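Beneath this line is the structure, given in structure tokens, with notes to follow.
Residue numbers (my numbering): 5 to 250.
The structure is reproduced here in structure tokens:
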């Protein structure tokens, strides 16, 4: 699953973040009375570029950015007002333009940062409060603090655990929402199969992508169901064509 990140600071190794994401399974609850399942979320971190955001009409799941992350270590009042806030606004405007509503802002706090910025420093809570007030509105949980991420301490570990739980939860929520939307649009497309110009090949590619997604989650039975449905649909399609139908 794609996660786009936007940052101007050195990040922890992405391999480390990737391994943390895949480390433990998460309970996946879906709608329509389906039983919950345990799945592994495999994250693919991609540097944010506006040209990579989905174009209108592009509903591909395999390349869809399910979560956007903005990293900052700003603790300086003037810097926040003059540059960081404006950059965050541009970032959010880009997401809004492309219909992306799943994002989180991560404020990184380190002792080194504090030492470099001895003037105009706001307490961490004040910077976080400003960001939440400026960008998060009623979604205060969309701004998270990561404390001393590269240190070997209990405080750092607790901060990491809290952050990873938040990211995994947001990613799963976004995936479930967008998967449901994809399945609804796929069903709508299938219901048009009797209309002139309907293409089985185009529909096949849509439902096969759904099968690939289930395979990625190691939900192999659900993946096979997609091919069984395609097989049945193709058989009926051929019979109708042979009988002179559509």
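Built from N, CA and C at the ideal position, the CB exists for glycine as well. It should be emphasised that the depicted structure is a prediction, and the values quoted were computed from it without experimental measurement.
Item: Whole alpha helix (DSSP H) elements within the segment 61-120, 4-residue minimum; Value: 89-101, 115-120
Item: Cβ-Cβ distance between residue 211 and residue 234 below 7 Å; Value: yes
Item: Residue 165 (DSSP reduced to helix, strand or coil); Value: helix
Item: Residue 72, buried or exposed, once every other Cβ within 10 Å from all chains shown has been counted against 16; Value: buried
Item: Supposed contact pair residue 189 and residue 63 - C-beta distance, whole angstroms, cut 8 Å; Value: 6 Å
Item: Buried versus exposed, by CB contacts within 10 Å (16 or more), residue 151; Value: buried
Item: Same chain, Cβ closer than 6 Å to residue 33, neighbours up to 5 away in sequence not counted; Value: 40
Item: Secondary structure of residue 157, DSSP reduced to three states; Value: coil
Item: Rounded separation between residue 102 and residue 96 - CA only; Value: 10 Å
Item: Segment limits, beta strand (DSSP E) that includes residue 51; Value: 48-51
Item: With 16 other Cβ atoms within 10 Å as the buried cut-off, status of residue 177; Value: exposed
Item: Residue environment, residue 224, which counts as buried when at least 16 other CB atoms sit within 10 Å; Value: exposed
Item: Other residues of its chain near residue 29: CB distance less than 7 Å, five sequence neighbours each side excluded; Value: 42, 43, 44
Item: Residue 214 to residue 186 span [Cα, whole Å]; Value: 8 Å
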